[in-house]
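A.B. asks: The following block contains the structure, expressed as structure tokens.
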Amino acid sequence: MSRYDPASIEPKWQAAWEEALTFKATREGDKPKYYVLEMFPYPSGRIHIGHVRNYTMGDVIARYKKQNGFNVLHPMGFDAFGMPAENAAMASGGHPKDWTYGNIDTMVGQMKPLGFGLDWSRMFATCDPEYYGQQQALFLDFLEKGLVYRKNAMVNWDPVDMTVLANEQVIDGCGWRSGAPVERKELTQWFFKISDKSGELLDALDTLDNWPAKVKTMQANWIGRSRGLQFAFSTIDAPEGFDRIEVYTTRPDTLMGASFVGISPDHPLAKQLEKDNADLAAFTAECRKMATTEEAMEKAEKKGFDTGLRVRHPFDTAWELPVYVANFILMDYGTGAIFGCPAHDQRDLDFARKYDLPVVSTFAPAMGEEGTFILPEDGGPAYVPPKQETVRWLKPFNWDEAATGEAAIEAAIDFCEKNGVGQGVTKFRLRDWGLSRQRYWGCPIPVVHCDTCGVVPEKKENLPIQLPYDEAGKPIDFSIPGNPLDRHPNWRDCECPSCGKPAKRETDTMDTFVDSSWYFARFTAPRATTPTDLSEAEYWMNVDQYIGGIEHAILHLLYSRFFARGMIETGHLPESAKEPFNALFTQGMVTHAIYRRSYLKRIDDIDGAPAHLTTYRYYYPEEIAVREGKAYLVNDDVETQLKAGDEVEVVPSAKMSKSKNNVVDPMAIISTYGADTARWFVLSDSPPERDVEWTASGAEAANKHLGRVYRIAAEIAAGDAPSTKEDEALLKETHKTIHDVTMGVESFGFNAAIAKLYGFTNTLSKSRAGKEAKTFAAKTLAQLMSPMTPHLSEEIWQLLGGEGLIADAPWPKADEAMLVEDSVTLPIQVNGKRRGEIEVPKDMPKEEVEKLVLAHDAVVKALDGGTPKKLIVVPGRIVNVVV
RNA sequence: GCCCGCGUGGUGGAAUGGUAGACACAGGGGACUUAAAAUCCCCAGCCUUCGGGCGUACCGGUUCGAGUCCGGUCGCGGGUACCA
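Residue numbers (the working numbering): -4 to 878.
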């Protein structure tokens, strides 16, 4: 009998699918459509085991839906613009384009042997001029509709390299290459008006029933709708034009506890005052030397500078408050100015204590709940109860002494509006999406700067505006910092599309999030000469199941939702595609143990004298033998002087990282065990939304199991046992497995489905049923496994005389009548602890169950002649006796 | 800092508020074999005076009943608007 040999069967079936065009997406007959999409990869160089897991999940869904009678669209492409290509060019020469396309070739070559049911004819990369040219067309349409505009915004500026840095290129406030402290620099940049749709993007989250709640919560918090009061403090002896400072507050109810006004270092008033105040100018300059990230802002020590300027409290003109410039106030949010109420905000309280400002409580815990409460003015922490909690008001203006924060806020807004102090307003935290990047390897922004006409959109017939490959006849030099488009000898020079005079191209390129905000729509008609083909988009959109990492919960998914709306407004998508992803699933990572040993590394110090440094030596999995959870070296290690057999430290479940030598290469796994083993393992060991740890023993076990399934099937095919009285039991078990596995696949419970398949394989292996029943069971097993292990399943299907390709065979249906059990085992609890069980007919009335329970030994013993306090019978589930 | 998750045997994990540990790995025992590999079968949370007791990161609460719900703490992970 032949053995399971993935190396021969996998290429065979891949060829068969390709020949039969099995996975080509077609609009065939009147079948319903199903669009399944995994977030497309960045072409980093090689595929990663995490990719294998992600695409296997999508493939399971795609194959399952196809077998359930859907026209399936399951495409693949590459998110191919971005910084790593430029970094590679900087580090080792070469051109981002060559690097990127080379990587794509490699990765496609690695993905094909995995047997994914993908329609490769639709593949594209976002750096293809055919793709980004259509993106430029979209940009022009967005511009025409007023969805794009220009304004000034801050970037991280490296003053030594004279270049703009990405946030990840800023390390501890310094440029990653130059080491120079970064500065903030203001540039005119392009923005998408996503904030116009804040309310809509927030409200529509409620319609996304098949999105994880956590993702919706994250987006809702990110958009951040708040209701508050906008009003102005009038200033005393302020510079011309600054007689008022507009502030926005979500806690107008605490206005009587205000003790200072804070403005952003980028506030126009700060910029005015620093002109005549060198100390203030030094302070704001210091503030502007911070990275632009929210994290850096929030984690920095909260500092302020007293401008000396005073404002009047809106309720009492005799009450004056100082105006501070404070480093934690963002110019982008609200009005860039706040009032501080130290009693009810910990940050304001820290600030007040630092600068010796008054602390005045406006409310305290409700009567009877004071407990050990200490007022903030008496040294306690800031008192910040939930807004829904009723508190005792010390300084209400028009509400009861006992009221919730919520009620007080509304009352305060109402009071302020009636007294002409301000306006109730709704604001959002969401800022407009800055899309300009001062980089080469991105989609050029198709506009022209003309001395006469200003900013002019490029003509559509001139698209795509292609990136230049050469520079003065030579490949572009990436060793020089800065944007090569900016210094290119002639790429910038062009004709004004409006007046025809010499003009200059925009040299900013687009954020790569733009590329990934509409690729899903492009897949519906990837070769169309317009961004989309409406008929195709109408048929295939929306994405029925989208699968990707939780790291994209906010930006990518929010931007895509915005883009879908923009594309509807510009006629590129039907109205029904407003929410482009019907269902979302966020999968976990694949992790792997790190094997390491700390040792003293000998180094030469500055004087050339030998010195030692404690460091780690990381070992590759191939260098390690694992026994009973402990790791030992296979060979001697010269560097650390360790010998073969010496133990090394194991750090389990670590994120795979090249520098920690704990990456596993999918290609090595395929050559050792085959693609089906890799696919089976990444699904079997962990729930899909959680991380999975890759272990060599787990992969080997998966491989053994597949070999076992093959062997069982081959034995059945070779046998000729007549039917027996066990046929019925096996048939029943087969239908139960169909039911359980179907439920598992439908609910993304792949690991649970696989556990059922293990159980069923054991049952089948032990069954003494006849050939007919066993053949049906084995064919069903092959079908149920086929979305996960498609090659093995095809092989078994063929072996057992299945018709055509298993990939085309209809998914098995469980016979409901076979699933009914006539009796159930009821566990008996006494005071919530399990003390025994009884076997009863499924529909036995409660009263009879109670009788049986009271007669049960354990219950009689526990009652000790008394009567139960309570007897709870949950039909078909459990019985609990309270004594 | 802020927002969102996660935490169960030696390991990965299972469990609509209802028998905690399914299924698997590693481990132990056995069968087959001259032997090994491969394969097949069985055992197994921890402690125990063998009555039972303890157990789902930690502390507390709700409930007849909590891994699951609520409050707090600790640890880890993701995001934090120019990494993708």
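Beta carbons: idealized from backbone N, C-alpha and C, even for Gly.
(1) State buried or exposed for residue 232, treating a residue as buried only when at least 16 other CB atoms are found within 10 Å of its CB.
(2) To test your reading of the DSSP string, which unbroken alpha helix (DSSP H) runs of 4 or more residues are found completely within the stretch 337 to 421?
(3) On the DSSP letters alone, give me the boundaries of the alpha helix (DSSP H) that residue 778 sits inside.
(4) By the DSSP assignment, the beta strand (DSSP E) with residue 149 in it spans what residues?
(5) Taking 9 Å as the cut-off, decide whether the C-beta atoms of residue 553 and residue 214 are in contact.
(6) So residue 719 packs on residue 754, CB below 8 Å; how close in whole Å?
(7) Using the beta-carbon count (16 or more within 10 Å), is residue 450 buried or exposed?
(8) Whole-angstrom Cβ separation of residue 41 and residue 102, contact assumed at under 8 Å?
(9) Mind checking residue 789: buried by the 16 CB within 10 Å criterion, or exposed?
(10) Determine the extent of the alpha helix (DSSP H) in which residue 98 is found, giving its start and end residues.
(11) For residue 126, count the other beta carbons within 10 Å of its own beta carbon; 16 or more makes it buried, fewer makes it exposed. Which is it?
(12) Ignoring anything shorter than 4 residues or poking outside the stretch 512 to 544, list the alpha helix (DSSP H) runs there in chain order.
(13) What are the start and end residues of the beta strand (DSSP E) that includes residue 453?
(14) Using beta-carbon positions only, say whether residue 140 and residue 519 come within less than 9 Å of one another.
(15) Between which two residues does the beta strand (DSSP E) harbouring residue 186 extend?
(16) In whole angstroms, give me the CA-to-CA distance for residue 136 and residue 785.
(17) Apart from the five residues on each side of it in sequence, which residues of its chain come closer than 6 Å, Cβ to Cβ, to residue 632?
(18) Using the C-alpha atoms, what's the distance from residue 503 back to residue 266?
(19) With distances taken from CA atoms, which of 444, 630, 39, 50 is nearest residue 99?
(20) Taking all protein chains shown into account, do 16 or more other C-beta atoms lie within 10 angstroms of the C-beta of residue 185, making it buried, or fewer, making it exposed?
(21) If contacts are defined as beta-carbon pairs under 8 Å, then residue 112 and residue 54 qualify, I think. What distance do you get, rounded to the angstrom?
(22) Give a yes or no on whether the C-beta atoms belonging to residue 854 and residue 835 are separated by under 9 Å.
(23) With a 10 Å radius around its C-beta and 16 neighbouring C-beta atoms as the bar for buried, classify residue 157 as buried or exposed.
(24) Per the DSSP calculation, residue 637 is bridged to which residue(s)?
(25) Excluding the 5 residues flanking residue 375 on each side, which residues of the same chain have their C-beta closer than 6 Å to its C-beta?
(26) Quick check for students: name the residue ranges of the beta strand (DSSP E) that lie wholly in the stretch 427 to 498, counting only runs of 3 or more.
(27) Using the C-alpha atoms, what's the distance from residue 833 back to residue 820?
(28) Per DSSP, residue 870 forms a beta bridge with which residues?
(29) Write down the C-beta distance between residue 352 and residue 229 rounded to the nearest angstrom, noting that I regard them as a contact closer than 8 Å.
(30) Cutting at 6 Å between CB atoms, please list the residues of its own chain near residue 499, excluding the five before and the five after it.
(31) Return yes when the Cβ of residue 324 is within less than 9 Å of the Cβ of residue 257, no when it is not.
(32) Take residue 3 and list the residues in its own chain whose beta-carbon comes closer than 8 Å to its own, dropping the five residues that flank it on each side.
(33) With respect to the beta strand (DSSP E) encompassing residue 582, which residues constitute its N-terminal and C-terminal limits?
(34) Drop a sphere of 10 angstroms on the beta-carbon of residue 899, count the other beta-carbons inside from all chains shown, and report buried for 16 or more, exposed for fewer.
(35) Below 8 Å on the Cβ atoms is my guess for residue 668 versus residue 791; work out the distance and round it to an integer in Å.
(36) Here's the rule: buried if 16 or more other CB atoms are within 10 angstroms of the residue's CB, otherwise exposed. What is residue 783?
C.D. replies: With the structure as the only source:
(1) Here residue 232 refers to the residue found at position 237 when the first sequence is read from its first residue. Burial call: exposed.
(2) 341 to 349, 400 to 413
(3) Within the first sequence, residue 778 is the residue found at index 783, counting from 1. Run containing residue 778: 766 to 780, per the alpha helix (DSSP H) assignment.
(4) In the first sequence, counting from the first residue as 1, residue 149 sits at position 154. Where residue 149 is concerned, the enclosing beta strand (DSSP E) stretches over 143 to 153.
(5) In the first sequence, the residue the question calls residue 553 occupies position 558. In the first sequence, the residue the question calls residue 214 occupies position 219. Result yes, Cβ atoms of residue 553 and residue 214 sit closer than 9 Å.
(6) In the first sequence, residue 719 corresponds to position 724, counting from 1. In the first sequence, residue 754 corresponds to position 759, counting from 1. With a Cβ gap of about 21 Å, residue 719 and residue 754 do not count as contacting.
(7) Here residue 450 refers to the residue found at position 455 when the first sequence is read from its first residue. The residue in question, residue 450, is exposed, as its Cβ has fewer than 16 Cβ neighbours within 10 Å.
(8) For the purposes of this step, residue 41 is taken as residue 46 along the first sequence, with counting starting at 1. For the purposes of this step, residue 102 is taken as residue 107 along the first sequence, with counting starting at 1. 7 Å between Cβ atoms; contact.
(9) Position 794 of the first sequence, counted from the first residue, corresponds to residue 789. That one is buried.
(10) Here residue 98 refers to the residue found at position 103 of the first sequence. That run of the alpha helix (DSSP H) goes 91 to 106.
(11) Locating residue 126 in the first sequence gives position 131, counting from the first residue. It counts as buried.
(12) 514 to 517, 529 to 535
(13) Numbered from its first residue, the first sequence carries residue 453 at position 458. That residue, residue 453, is in no beta strand (DSSP E); it is neither H nor E in DSSP.
(14) In the first sequence, residue 140 corresponds to position 145, counting from 1. In the first sequence, residue 519 corresponds to position 524, counting from 1. No, they are not a contact pair.
(15) Along the first sequence, one-based indexing puts residue 186 at 191. From DSSP, the beta strand (DSSP E) with residue 186 extends over 178 to 187.
(16) Here residue 136 refers to the residue found at position 141 when the first sequence is read from its first residue. Here residue 785 refers to the residue found at position 790 when the first sequence is read from its first residue. Those two C-alpha atoms are separated by around 44 Å.
(17) Position 637 of the first sequence, counting from 1, holds the residue named residue 632. No residues qualify anywhere along the chain.
(18) Taking the first residue of the first sequence as position 1, residue 266 is located at position 271. Taking the first residue of the first sequence as position 1, residue 503 is located at position 508. Straight-line Cα distance between these residues: approximately 28 Å.
(19) Within the first sequence, residue 99 is the residue found at index 104, counting from 1. Per the Cα distances, 39.
(20) The sequence position of residue 185 within the first sequence is 190, counting from 1. Burial call: buried.
(21) Locating residue 112 in the first sequence gives position 117, counting from the first residue. Locating residue 54 in the first sequence gives position 59, counting from the first residue. Beta-carbon to beta-carbon, residue 112 and residue 54 are separated by about 6 Å, close enough to satisfy the 8 Å threshold.
(22) As a first step, residue 854 must be located in the first sequence, where it is residue number 859. As a first step, residue 835 must be located in the first sequence, where it is residue number 840. Taking 9 Å as the Cβ cut-off, residue 854 and residue 835 do not qualify as a contacting pair.
(23) Looking up residue 157 in the first sequence gives position 162. With fewer than 16 Cβ atoms within 10 Å of its Cβ, residue 157 is classed as exposed.
(24) The residue given as residue 637 occupies position 642 in the first sequence. In DSSP, residue 637 forms a bridge with 632.
(25) Along the first sequence, read from residue 1 onward, the residue named residue 375 stands at position 380. Closer than 6 Å at Cβ, skipping near neighbours: 369.
(26) 442 to 445, 449 to 452, 488 to 490
(27) Looking up residue 820 in the first sequence gives position 825. Looking up residue 833 in the first sequence gives position 838. About 6 Å.
(28) Residue 870 sits at position 875 when you count from the first residue of the first sequence. Residue 870 is not bridged to any residue.
(29) For this step, residue 352 is matched to residue 357 along the first sequence. For this step, residue 229 is matched to residue 234 along the first sequence. Residue 352 to residue 229, Cβ: 20 Å. No contact.
(30) In the first sequence, residue 499 corresponds to position 504, counting from 1. Result list for residue 499: 444, 487, in chain order.
(31) Counting from one through the first sequence, the residue named residue 257 turns up at place 262. Counting from one through the first sequence, the residue named residue 324 turns up at place 329. Yes, the pair counts as a contact, with Cβ atoms nearer than the cut-off.
(32) On the first sequence, position 8 is the one that residue 3 refers to. Nothing meets the Cβ criterion.
(33) Your numbering for residue 582 matches position 587 in the first sequence. Where residue 582 is concerned, the enclosing beta strand (DSSP E) stretches over 579 to 582.
(34) The first residue shown for the chain is -4 and the last is 878, placing residue 899 beyond what the model contains.
(35) Position 673 of the first sequence, counting from 1, holds the residue named residue 668. Position 796 of the first sequence, counting from 1, holds the residue named residue 791. With a Cβ gap of about 17 Å, residue 668 and residue 791 do not count as contacting.
(36) Residue numbering aside, residue 783 sits at position 788 when the first sequence is read from its first letter. The residue is buried, with at least 16 neighbouring Cβ atoms inside 10 Å.
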